[in-house]
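Protein chains in written order, with my numbering: chain A, 417 to 755; chain B, 417 to 755.
We treat Cβ as the ideally placed atom computed from N, Cα and C, and that holds for glycine.
2 protein chains.
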Amino acid sequence: MTTAGSSKHGAAVTMRDVAKLSGVSVSTVSHVVNDKPGARIGKDARRRVQEAVEQLGYRPNVLAKTLSRGTSAFIGLVADEIATTPFAGQIIHGAQDEAWKHGFVLLVANTDGNAAVEDDAIAMMLEHQVRGILYSSWYHREISVPEALHQTDTILVDCFADGSGLPAVVPDEEQGGRTATEELLAHGHRRIAFLNTTTPSPAQTGRLAGYRSALEAAGIGFDPALVLPVAPDQGGGYAGTSHVVDSGASAVFCHNDRVAMGVYDGLRERGLRIPDDVAVIGFDNQDVIAAHLRPTLSTVALPHYELGAAGVRMLLGVDPAPDDEPRLVACPPVLRHSV
Amino acid sequence: MTTAGSSKHGAAVTMRDVAKLSGVSVSTVSHVVNDKPGARIGKDARRRVQEAVEQLGYRPNVLAKTLSRGTSAFIGLVADEIATTPFAGQIIHGAQDEAWKHGFVLLVANTDGNAAVEDDAIAMMLEHQVRGILYSSWYHREISVPEALHQTDTILVDCFADGSGLPAVVPDEEQGGRTATEELLAHGHRRIAFLNTTTPSPAQTGRLAGYRSALEAAGIGFDPALVLPVAPDQGGGYAGTSHVVDSGASAVFCHNDRVAMGVYDGLRERGLRIPDDVAVIGFDNQDVIAAHLRPTLSTVALPHYELGAAGVRMLLGVDPAPDDEPRLVACPPVLRHSV
DNA sequence: CTGAAAGCGCTAACAT
DNA sequence: ATGTTAGCGCTTTCAG
Numbered sequence: 417m418t419t420a421g422s423s424k425h426g427a428a429v430t431m432r433d434v435a436k437l438s439g440v441s442v443s444t445v446s447h448v449v450n451d452k453p454g455a456r457i458g459k460d461a462r463r464r465v466q467e468a469v470e471q472l473g474y475r476p477n478v479l480a481k482t483l484s485r486g487t488s489a490f491i492g493l494v495a496d497e498i499a500t501t502p503f504a505g506q507i508i509h510g511a512q513d514e515a516w517k518h519g520f521v522l523l524v525a526n527t528d529g530n531a532a533v534e535d536d537a538i539a540m541m542l543e544h545q546v547r548g549i550l551y552s553s554w555y556h557r558e559i560s561v562p563e564a565l566h567q568t569d570t571i572l573v574d575c576f577a578d579g580s581g582l583p584a585v586v587p588d589e590e591q592g593g594r595t596a597t598e599e600l601l602a603h604g605h606r607r608i609a610f611l612n613t614t615t616p617s618p619a620q621t622g623r624l625a626g627y628r629s630a631l632e633a634a635g636i637g638f639d640p641a642l643v644l645p646v647a648p649d650q651g652g653g654y655a656g657t658s659h660v661v662d663s664g665a666s667a668v669f670c671h672n673d674r675v676a677m678g679v680y681d682g683l684r685e686r687g688l689r690i691p692d693d694v695a696v697i698g699f700d701n702q703d704v705i706a707a708h709l710r711p712t713l714s715t716v717a718l719p720h721y722e723l724g725a726a727g728v729r730m731l732l733g734v735d736p737a738p739d740d741e742p743r744l745v746a747c748p749p750v751l752r753h754s755v
Numbered sequence: 417m418t419t420a421g422s423s424k425h426g427a428a429v430t431m432r433d434v435a436k437l438s439g440v441s442v443s444t445v446s447h448v449v450n451d452k453p454g455a456r457i458g459k460d461a462r463r464r465v466q467e468a469v470e471q472l473g474y475r476p477n478v479l480a481k482t483l484s485r486g487t488s489a490f491i492g493l494v495a496d497e498i499a500t501t502p503f504a505g506q507i508i509h510g511a512q513d514e515a516w517k518h519g520f521v522l523l524v525a526n527t528d529g530n531a532a533v534e535d536d537a538i539a540m541m542l543e544h545q546v547r548g549i550l551y552s553s554w555y556h557r558e559i560s561v562p563e564a565l566h567q568t569d570t571i572l573v574d575c576f577a578d579g580s581g582l583p584a585v586v587p588d589e590e591q592g593g594r595t596a597t598e599e600l601l602a603h604g605h606r607r608i609a610f611l612n613t614t615t616p617s618p619a620q621t622g623r624l625a626g627y628r629s630a631l632e633a634a635g636i637g638f639d640p641a642l643v644l645p646v647a648p649d650q651g652g653g654y655a656g657t658s659h660v661v662d663s664g665a666s667a668v669f670c671h672n673d674r675v676a677m678g679v680y681d682g683l684r685e686r687g688l689r690i691p692d693d694v695a696v697i698g699f700d701n702q703d704v705i706a707a708h709l710r711p712t713l714s715t716v717a718l719p720h721y722e723l724g725a726a727g728v729r730m731l732l733g734v735d736p737a738p739d740d741e742p743r744l745v746a747c748p749p750v751l752r753h754s755v
């Protein structure tokens, strides 16, 4: 029966209160509440302390604890627009879960890509004595590292900065492109179009490289005429449909799910059926799109959750960071009904 | 010229270091770094301290500060699946921004709706001496309040618990439904179908009430035959299209954007054009859907960002909470091209 | 104008 | 087996 000791704002119950009530010293209390290894505590004292804790509703003050131990349990996560972005929010989720698993709590800051806010955020984290910082982007790209980040351990997540010496963890775009293409190949397609993005990025080059390598591994020559760069959105996909159809391809690999969404529109307009007339596969696995298109869209997932989790692991040294090279996280296929 | 004092993990620079270097006492340092109101500090001493701060790269230790002042600057946000959910992540974003504005930092915990995790999360926050907790849901609904929440100030965000006595802030579903309907009315439609959800919820009843009230205000009788409850997703919208078409309606208000997405498919299949043959308006403003459909979807936005911000304001007492009744936040129309 | 000193809640030797 | 004591980094009276 808890007598709600620390209710609301009445000065919180401290260790001293517990000590007094149970008739022992604070250090004894400290030992029992922390279940210290070499804890030589009498059976009776221990019980009394536990009862007092229960009765007063005592909660340790983590802040005091970290002050005294000199080591905080915070991990900072600065995000440009992650929280703003649908699926990329999983980075936070993954980091959160992994951090907790190791007894750390996440301090998240959304900067909206604003450099000033970013500096404030980092300063704030440093003032909170974070164990380290995860600096992340909502899409895979090269970034330039804010000066302040060098004042603590930092890991780049879903972004990288060659030459900065900072460890990074990013999606394996090439393997993703290969996986998508292989999926199409596995369904017997030989003439596969690729609606790539017009935007220079690791995704652009990586996915293309994967597409080529899958083709080559299957003994199919790379035909430049089958690749068309389009705006990486619904409009681009819609516009690119004619090229795909004219090229005589029986399947198309779209740079992302939004492009695929546009292709759906284009194909439908021409009375072509998916996947019978043309099979389509996307990339990103944006749930709101992929799972709700008709037919549902087969695609390759960006491993956001895993990126966040891996970032934390690297920061904590659980997972040693590879030298120099960013660590690659696999992009798994998500099979639905468009192939 | 900063001589990077606190680089990496070398014992952080403390106030004492600054005091020593500038030849004053810690209390003086404290006064100048905090720019204390009644700060009678000599021009010279002040300068020396500032130089020392600069030179050593001193950063106050917030944890020590809160310990000493007894008042922490954390606000907890426990979310069921918000971070997991596309647009609802804006609740976090809004809360974050507003918290910062007042000098607080957010401690976010995703619980995935797991009660045990939830209890842990709340305990964690209490141990971090949070100023209060924002308990939020990823969609508007009634929840039952975890016991532990009563140990601190808490605000319910995008959810409510009648009789719990806890202040809540939720979207104004009825006004939203009215707004959507009015938009259709403004474009001359008189026969407006409503594809509502089959799921009992504040959204279901609220939006319906708004629909009716807009109709009545326009002198149009409510026709039950125009309202069809469907599964609140793409499939439901697709299936409901025939009812809409058969009813002879020239416009349809969809319970949410996913339903609208299905209606798009259904309409297209029948060769009907949007908005010429049938005008469509959604609800939720799920960006990935609404902004990328063709034509782009007019809809009503769920004010997630504002819910988060309002929650923080209520918690901090900036915005007094209305008694008993949840505070309603308006759902603004987002006009695009489907009406 | 500035400094000494007493805490904030907790941990960690060191005594007993 | 348990208590004492000295901090952790900072704020805040209260004296000089």
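| task | Quick one: using the 10 Å Cβ neighbour count with 16 as the cut-off for buried, is T614 (chain B) buried or exposed? | result | exposed
| task | Could you pull the start and end residues of the beta strand (DSSP E) that I697 (chain A) belongs to? | result | A695 to I697
| message | Does any residue of chain A have a CB that is nearer than 8 Å to the CB of Q471 (chain B)? | response | no
| said: How far does the beta strand (DSSP E) with Y555 (chain A) in it extend, from its first residue to its last? | reply: I549 to E558
| query | Rounded to a whole number of angstroms, what is the C-alpha to C-alpha distance between Y721 (chain A) and A634 (chain B)? | reply | 49 Å
| Name the chain A residues that come within less than 8 Å of N477 (chain B), Cβ to Cβ? | In chain order: L483, E543 and Q545.
| Inter-residue Cα distance where the pair is P476 (chain A) and E590 (chain B) | Going from the Cα of P476 (chain A) to the Cα of E590 (chain B) covers about 45 Å.
| With a CB to CB cut of under 6 Å and the five nearest residues on each side skipped, what residues in its chain are close to M431 (chain B)? | V442 and V445
| Taking Cβ-Cβ distances shorter than 8 Å, what residues in chain B pair up with A480 (chain A)? | L483
| query | Ordered along the chain, which non-local residues of its own chain (more than five positions away) have a Cβ less than 6 Å from that of D735 (chain B)? | reply | Correct list, in chain order: R729.
| field | Residue nearest to N450 (chain A) in terms of C-alpha spacing, selected from A:D433, A:L472 and A:V478 | value | A:V478
| query | What residues in the region 549-573 of chain B bring their beta carbon closer than 8 Å to a beta carbon of chain A? | reply | H566, Q567, T568 and D569
| request: For the region 477-528 of chain A, list the beta strand (DSSP E) runs that are entirely contained and at least 3 residues long, ordered along the chain. | output: 490-495 and 521-526
| Residue range of the unbroken alpha helix (DSSP H) whose run includes T570 (chain B) | Where T570 (chain B) is concerned, there is no enclosing alpha helix (DSSP H), although the beta strand (DSSP E) it sits in stretches over T570 to F576.
| So is S658 (chain A) buried or exposed if we call it buried at 16+ other beta carbons inside 10 Å? | exposed
| field | C-beta atoms of V573 (chain B) and I705 (chain A) nearer than 8 Å | value | no
| message | Using 8 Å for Cβ pairs, my map puts Y551 (chain B) next to T568 (chain B). What's the rounded Cβ distance? | response | The pair is not a contact, with the Cβ atoms about 11 Å apart (cut-off 8 Å).
| task | On the DSSP bridge assignment, give the partners of A717 (chain B) in chain order. | result | According to DSSP, A717 (chain B) bridges with B:D700.
| query | If you count every other CB in all the chains shown that lies within 10 Å of the CB of G421 (chain B), and 16 or more means buried, which is it? | reply | Because G421 (chain B) carries a pLDDT of 46, less than 50, the predicted location of this residue cannot be relied on, and no value is offered for it.
| said: Closer than 8 Å between beta carbons: that is the criterion. Which residues of the region 682-698 of chain B meet it against chain A? | reply: R684
| query | Quick one, are the C-beta atoms of A717 (chain A) and C747 (chain A) less than 8 Å apart? | reply | yes
| query | In whole angstroms, what is the alpha-carbon distance linking A667 (chain A) and A695 (chain A)? | reply | 4 Å
| query | What residues match up with F669 (chain A) in a beta bridge as DSSP calls it? | reply | Per DSSP, A:F610 and A:I697.
| task | Could you name the residues of chain A that G581 (chain B) contacts, counting a contact when the two beta carbons are closer than 8 Å? | result | The contacting residues do not exist; G581 (chain B) stays about 12 Å from chain A at best.
| message | Can you give me the C-alpha to C-alpha distance between I549 (chain A) and L522 (chain A), rounded to a whole angstrom? | response | 10 Å
| message | Less than 8 Å between CB atoms is the rule here; does Q415 (chain B) satisfy it with respect to chain A? | response | The structure shown does not extend to residue 415 (chain B), since chain B is modelled only from 417 to 755, so the question has no answer here.
| request: Identify the contact partners of L601 (chain A) in chain B, using a Cβ-Cβ distance below 9 Å as the criterion. | output: The contacting residues do not exist; L601 (chain A) stays about 29 Å from chain B at best.
| field | Same chain, Cβ closer than 7 Å to S553 (chain A), neighbours up to 5 away in sequence not counted | value | D496, I559, D574 and C575
| task | Assess, as a yes-or-no matter, whether the region 621-630 of chain B is touched by the region 591-609 of chain B under the definition of 3 or more beta carbon pairs within less than 8 Å. | result | yes
| request: Can you pull the chain A residues whose beta carbon is under 7 Å from the beta carbon of I705 (chain B), in chain order? | output: Counting only Cβ-Cβ distances below 7 Å, I705 (chain B) has contacts in chain A at V704, in chain order.
| So, is the C-beta of V449 (chain B) closer than 8 Å to a C-beta in chain A? | no
| task | Please classify R475 (chain B): does DSSP put it in a helix, a strand, or coil? | result | coil
| field | Host beta strand (DSSP E) of A633 (chain B) (start-end) | value | A633 (chain B) -> not in any beta strand (DSSP E); alpha helix (DSSP H) instead, spanning P618 to A633.
| request: Pull up the distance between the alpha-carbon of I538 (chain A) and that of L565 (chain A), whole angstroms please. | output: 7 Å
| List, in order along the chain, the chain B residues whose C-beta lies closer than 9 Å to that of L522 (chain A)? | Ordered by position in chain B, the residues that pass the 9 Å Cβ test against L522 (chain A) are L523, V524 and A525.
| said: According to DSSP, A461 (chain A) sits in a beta bridge with which residue or residues? | reply: Bridge partners of A461 (chain A): none, in fact.
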